[in-house]
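A short write-up of the structure that comes next.
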Amino acid sequence: MVEVTTDPTLLERPIEVRSGVSGIERPLALLDAVRENAEPLLNLANRHVVSARQFDRETLVQLSRLAADMERQPTLLHQPLSGKIMITAFYEPSTRTRLSFESAWHRLGGDVISITDPLTTGIAKGESLRDVAEMFSSYGDLVVLRDNSEGAIYETLNGLRIPIINAGNGIDEHPTQALADLYAIFKWRPDLATASPKEKVRIGIIGTPARMRTVRSLLILLSMISHAIEEVVVINHDDDLFDDGQREELEASGLNLNTESNLASVLPDLDIVYINSIAWVGDTFERLTGDLRLTADSPLKEGAIVLHPLARGPELDVTLDSTPHNWYFAQARGAVFIRMALLTCITSRISQVVDVPLPAATVNEKTQTQ
Amino acid sequence: MVEVTTDPTLLERPIEVRSGVSGIERPLALLDAVRENAEPLLNLANRHVVSARQFDRETLVQLSRLAADMERQPTLLHQPLSGKIMITAFYEPSTRTRLSFESAWHRLGGDVISITDPLTTGIAKGESLRDVAEMFSSYGDLVVLRDNSEGAIYETLNGLRIPIINAGNGIDEHPTQALADLYAIFKWRPDLATASPKEKVRIGIIGTPARMRTVRSLLILLSMISHAIEEVVVINHDDDLFDDGQREELEASGLNLNTESNLASVLPDLDIVYINSIAWVGDTFERLTGDLRLTADSPLKEGAIVLHPLARGPELDVTLDSTPHNWYFAQARGAVFIRMALLTCITSRISQVVDVPLPAATVNEKTQTQ
Amino acid sequence: MVEVTTDPTLLERPIEVRSGVSGIERPLALLDAVRENAEPLLNLANRHVVSARQFDRETLVQLSRLAADMERQPTLLHQPLSGKIMITAFYEPSTRTRLSFESAWHRLGGDVISITDPLTTGIAKGESLRDVAEMFSSYGDLVVLRDNSEGAIYETLNGLRIPIINAGNGIDEHPTQALADLYAIFKWRPDLATASPKEKVRIGIIGTPARMRTVRSLLILLSMISHAIEEVVVINHDDDLFDDGQREELEASGLNLNTESNLASVLPDLDIVYINSIAWVGDTFERLTGDLRLTADSPLKEGAIVLHPLARGPELDVTLDSTPHNWYFAQARGAVFIRMALLTCITSRISQVVDVPLPAATVNEKTQTQ
Numbered sequence: 574m575v576e577v578t579t580d581p582t583l584l585e586r587p588i589e590v591r592s593g594v595s596g597i598e599r600p601l602a603l604l605d606a607v608r609e610n611a612e613p614l615l616n617l618a619n620r621h622v623v624s625a626r627q628f629d630r631e632t633l634v635q636l637s638r639l640a641a642d643m644e645r646q647p648t649l650l651h652q653p654l655s656g657k658i659m660i661t662a663f664y665e666p667s668t669r670t671r672l673s674f675e676s677a678w679h680r681l682g683g684d685v686i687s688i689t690d691p692l693t694t695g696i697a698k699g700e701s702l703r704d705v706a707e708m709f710s711s712y713g714d715l716v717v718l719r720d721n722s723e724g725a726i727y728e729t730l731n732g733l734r735i736p737i738i739n740a741g742n743g744i745d746e747h748p749t750q751a752l753a754d755l756y757a758i759f760k761w762r763p764d765l766a767t768a769s770p771k772e773k774v775r776i777g778i779i780g781t782p783a784r785m786r787t788v789r790s791l792l793i794l795l796s797m798i799s800h801a802i803e804e805v806v807v808i809n810h811d812d813d814l815f816d817d818g819q820r821e822e823l824e825a826s827g828l829n830l831n832t833e834s835n836l837a838s839v840l841p842d843l844d845i846v847y848i849n850s851i852a853w854v855g856d857t858f859e860r861l862t863g864d865l866r867l868t869a870d871s872p873l874k875e876g877a878i879v880l881h882p883l884a885r886g887p888e889l890d891v892t893l894d895s896t897p898h899n900w901y902f903a904q905a906r907g908a909v910f911i912r913m914a915l916l917t918c919i920t921s922r923i924s925q926v927v928d929v930p931l932p933a934a935t936v937n938e939k940t941q942t943q
Numbered sequence: 574m575v576e577v578t579t580d581p582t583l584l585e586r587p588i589e590v591r592s593g594v595s596g597i598e599r600p601l602a603l604l605d606a607v608r609e610n611a612e613p614l615l616n617l618a619n620r621h622v623v624s625a626r627q628f629d630r631e632t633l634v635q636l637s638r639l640a641a642d643m644e645r646q647p648t649l650l651h652q653p654l655s656g657k658i659m660i661t662a663f664y665e666p667s668t669r670t671r672l673s674f675e676s677a678w679h680r681l682g683g684d685v686i687s688i689t690d691p692l693t694t695g696i697a698k699g700e701s702l703r704d705v706a707e708m709f710s711s712y713g714d715l716v717v718l719r720d721n722s723e724g725a726i727y728e729t730l731n732g733l734r735i736p737i738i739n740a741g742n743g744i745d746e747h748p749t750q751a752l753a754d755l756y757a758i759f760k761w762r763p764d765l766a767t768a769s770p771k772e773k774v775r776i777g778i779i780g781t782p783a784r785m786r787t788v789r790s791l792l793i794l795l796s797m798i799s800h801a802i803e804e805v806v807v808i809n810h811d812d813d814l815f816d817d818g819q820r821e822e823l824e825a826s827g828l829n830l831n832t833e834s835n836l837a838s839v840l841p842d843l844d845i846v847y848i849n850s851i852a853w854v855g856d857t858f859e860r861l862t863g864d865l866r867l868t869a870d871s872p873l874k875e876g877a878i879v880l881h882p883l884a885r886g887p888e889l890d891v892t893l894d895s896t897p898h899n900w901y902f903a904q905a906r907g908a909v910f911i912r913m914a915l916l917t918c919i920t921s922r923i924s925q926v927v928d929v930p931l932p933a934a935t936v937n938e939k940t941q942t943q
Numbered sequence: 574m575v576e577v578t579t580d581p582t583l584l585e586r587p588i589e590v591r592s593g594v595s596g597i598e599r600p601l602a603l604l605d606a607v608r609e610n611a612e613p614l615l616n617l618a619n620r621h622v623v624s625a626r627q628f629d630r631e632t633l634v635q636l637s638r639l640a641a642d643m644e645r646q647p648t649l650l651h652q653p654l655s656g657k658i659m660i661t662a663f664y665e666p667s668t669r670t671r672l673s674f675e676s677a678w679h680r681l682g683g684d685v686i687s688i689t690d691p692l693t694t695g696i697a698k699g700e701s702l703r704d705v706a707e708m709f710s711s712y713g714d715l716v717v718l719r720d721n722s723e724g725a726i727y728e729t730l731n732g733l734r735i736p737i738i739n740a741g742n743g744i745d746e747h748p749t750q751a752l753a754d755l756y757a758i759f760k761w762r763p764d765l766a767t768a769s770p771k772e773k774v775r776i777g778i779i780g781t782p783a784r785m786r787t788v789r790s791l792l793i794l795l796s797m798i799s800h801a802i803e804e805v806v807v808i809n810h811d812d813d814l815f816d817d818g819q820r821e822e823l824e825a826s827g828l829n830l831n832t833e834s835n836l837a838s839v840l841p842d843l844d845i846v847y848i849n850s851i852a853w854v855g856d857t858f859e860r861l862t863g864d865l866r867l868t869a870d871s872p873l874k875e876g877a878i879v880l881h882p883l884a885r886g887p888e889l890d891v892t893l894d895s896t897p898h899n900w901y902f903a904q905a906r907g908a909v910f911i912r913m914a915l916l917t918c919i920t921s922r923i924s925q926v927v928d929v930p931l932p933a934a935t936v937n938e939k940t941q942t943q
């Protein structure tokens, strides 16, 4: 017998289109706080995005600003990527990131070709990544790659004539996830995106920087806004939290980096709490944060926000969903817009969505040819 | 050695684009028989579609009319869903229904993101349906879900800020298949879509209402046009044809419902014969109708039509394909148009495809703001 | 520890969009050499493409010319397939061909529905190919099918009301791959596309015509330009290189066909060397060319070109990639454009991309109805 327990009114009432996500009204504040500067965005044209190291503060700020502009006005007047093809090659189980990229590309008017199963590809026939790269270059305008090896993207990149975006390479990096994290932070406190933040923030990161690509990339981005950060506390039981040289690189950039194993003792002082528990190992994953866990009863500071790259496990309790600390849904929602912003820049379509002041030389050329 | 036995002229002759499907010219008759009334269609805006119970007679009739309008003129002047994203999440083997939905959405100008393999999704990581719903809400404009559990769609629905359509939830329901069934019936006999049918019809349903989601949903829709139905005979050998309360609910709505195990004895009296033999159980299926079978030699009434949700097995013999009883191909073809009609309404784009008389209040508002 | 050995400047420098592919500037030469004649292209409207036998010399030449026109100007002004749906049904492992077709269709403005996993389809439920064909006809405008059986496409074709393209049927044929091969040859030596080639060419084919579908289809196309070919040498160790009647059919068309097992002895005389080593057998493949192998050290004639359908194995050494003999990347790149040309013709959209002189009769009709 079919038993479906449900509230019948669920089906009767129209869906509230805008609800349930903290911070959904914040893009405007970010737009107000930051002055538009298209130059760093123009420099992204026709570039690969493999590592968070490739960004700098002004680029991060302007990308976030552009994302906010898009989030405020999700229905674009133009379809800047009309006729353009994105190839999403996800050689590791994933839906969330693929959907986010494909959604962003479609919103910009482009078409998508997906490769979701490595067994159906030429790779299974023993094809080299160099040859796969040649194939991508012939059939698409941009590639998004996820692979469980750290090196595959660098090997692929060698043969590419089109840009590639790293959507997770083993335990190394996941730079666009970090962009989404930072975009959520900037929406929450737009002053952190400026040269003179009102007040520095304390950030806690529950996780293992050496083994989690999302944490690795985020720390690199945070090191680029170290002037806005009082300290970053990495919270975990593990002793080997950092990879060789990782901590040194971050500290050299001015980041005040500490570690802590007692979550409860440090939580009340944190403005931002980022939590993640899994690390990918080949085709499977391991949980690295033991019993560390956030719930509605955790001693979070008033006004503090919680971020999580999702999908989540027991480390992030659903009781937090309905609290104002829940910024992880806003973070997920914003991921589409920051990717739209990035994709627009990489495909050299930035001039179709914002007013780009032409460089002087170009203006002259224009004048002469008219 | 390659042996390919084929008629060489097959490859020489141009394809006849319109042939082989009974009733392909019928949409016009339905358009003539029914007067346009956009109001019930406007009420579908921004609604979930989970159960056949959510419809009523006038909505069914107007949806079918809109579908007929689209089938008559398949090349739309507008692309009402341009820039809109449908997510098709099919967590159970299926191609036919997914293709039908994706075709309908594309015909309306929209883009599609597909999830066809549950193993590649966050669900495999133990993600909750509530979180998946949040993801869908951030990355798409509408979700179509097929799942082998009855309850998953209700759980998903709780977290959604965008509409969801049930494309089959276990053995419970498959409401849009039932819409396609009814649309075929209305095209065949447009008077059945009116308040005063010329003659009531006898409908036979070969199958098991308790175990087949397509039959369950169809019976609910038929109960909404009971004024046009002399009787519905459920034909099968089984004793447990109905779920608890299922028969009572249908009869309470005025449907004259009978059962019969001898197909040959009842067949000559039936105007419409609906046949299905499989029911889904987890990831596999079972055949429930034993030796019950329709062929060109079956004692079908002259002018009677045969419907089948497809894919078919031996229960529906191919000898019937070339007879005028074959309306199952028309039914399959019409499935795209009824889904186009439904999707247009749910996404609030109905005003872009038909002349919608504005409600008086709205007219006033409009006047004032101009 | 993450170890990623890479040249850091890789990430800093903008991508050179046009590089690394020999012959990328050649389309113009082909356009100059051949006079436009739309008539054979008009005859392709609404036709299936199953066997290379369906083409003739003038059609091949004009298709290649149209492809060159598209390759020269990849950004189309029109989107001739806007609103049209291609269904790609790949029931055998493949990415390269699917991507090429999907890319071509998207470039023309159309939408794509993919079926990549046979287990998720109605076929898995025991559905007949006739019924699958009916489904394709209802939900798409064109089907591309790859199947490991030789006969499935002919069975499917029987039920279709829309065109189907053979993207590989077992060991039988792969006609659009052969079109891509020929297009590469015509770009390299446009005079071969004319009635009076400057000089005939010697072509070597390393492979097994009886077992390799790409070779089978290519030989058929080559037999249509036998006036431009001095000889075709099939090179392999095997004794059973040809299928029953295969050699006779080719020779009857005027092709001078020889066989050779010593690669080194024949290589210095060849203008075109086509190499392939695998043949599909069910869901797997076998290597058929033993130790036959091309490298940068092979005694290739100066100016000779090497073609390969890709993906490659050890038979085609990467040392050849950076030599002028490498035309296999140009061949792969051109595959998109020849498919765009073919798809435009089959979908009757040729008049939207070239000036089509109306046949006299049609002009009269037009005049009369105006």
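Residue numbers (the working numbering), protein chains in the order written: chain A, 574 to 943; chain B, 574 to 943; chain C, 574 to 943.
The beta-carbon is built from N, C-alpha and C at its ideal position, and this holds for glycine as well.
A Cβ-Cβ separation of about 12 Å leaves I848/A out of contact with V807/A under the 8 Å criterion. The beta-carbon of E700/C is placed no less than 7 Å from the nearest beta-carbon of chain A. Within the DSSP secondary-structure output, A852/B pairs in a beta bridge with E859/B. Under the Cβ distance rule, D720/A does not count among the residues neighbouring chain C, no pair being separated by less than 7 Å.
Using a 10 angstroms sphere on the CB of R638/A, the tally of other CB atoms reaches 16 or more, which defines it as buried. Nearest neighbour of V717/A by Cα position, chosen from A751/A, V623/A, P763/A, turns out to be V623/A. Considered as a whole, the segment 771 to 847 of chain A harbours 786 to 796, 819 to 825, 836 to 839 as its complete alpha helix (DSSP H) runs of no fewer than 4 residues, in chain order. Across the structure, T632/B and E609/B are spaced so that their CA atoms are roughly 11 Å apart. M659/C has a beta carbon lying at 7 Å or more from every beta carbon in chain B. Scanning V788/B, A869/B, R719/B for the CA closest to the CA of T892/B turns up A869/B. Here DSSP, grouped into helix, strand and coil, assigns V909/A to helix. Within chain A, no C-beta atom comes less than 9 Å from the C-beta of A768/C; the nearest is roughly 31 Å away. In the DSSP annotation of this structure, the continuous segment of the beta strand (DSSP E) that includes N739/C starts and ends at 737 to 742.
In the three-state DSSP reduction, R734/A falls in the coil class, being neither helix nor strand.
Remark: three or more beta-carbon pairs, one from each stretch, lie closer than 8 Å, so the segment 727 to 739 of chain B and the segment 707 to 717 of chain B are flagged as touching. DSSP, read as helix, strand or coil, puts I923/B in helix. Not one beta carbon of chain B lies nearer than 7 Å to the beta carbon of V717/C.
Flagged as an interface residue toward chain C: F902/B, by a C-beta distance shorter than 7 Å. Under the three-state reduction of DSSP output, F663/A falls in the strand class.
In the DSSP annotation of this structure, the continuous segment of the alpha helix (DSSP H) that includes S676/B starts and ends at 669 to 680. Taking the Cβ atoms as the reference, G656/C lies roughly 7 Å from T648/B, within the contact range of under 8 Å.
Collapsing the DSSP output to three states places E875/B in coil.
Against chain C, the beta carbon of L733/A has neighbours under 9 Å at I588, listed in chain order. H747/B is classed as buried because its beta carbon has at least 16 other beta carbons within 10 Å across all chains shown.
The shortest C-alpha to C-alpha distance from R626/B to any of A837/B, A766/B, E822/B is the one to E822/B. Not a single CB atom of chain B sits nearer than 7 Å to the CB of L654/A. Collapsing the DSSP output to three states places L614/C in a helix. For the 7 Å CB-CB criterion, I798/B and I845/B do not form a contact. Of the other Cβ atoms in all chains shown, 16 or more fall within 10 Å of the Cβ of N809/A; this residue is therefore buried.
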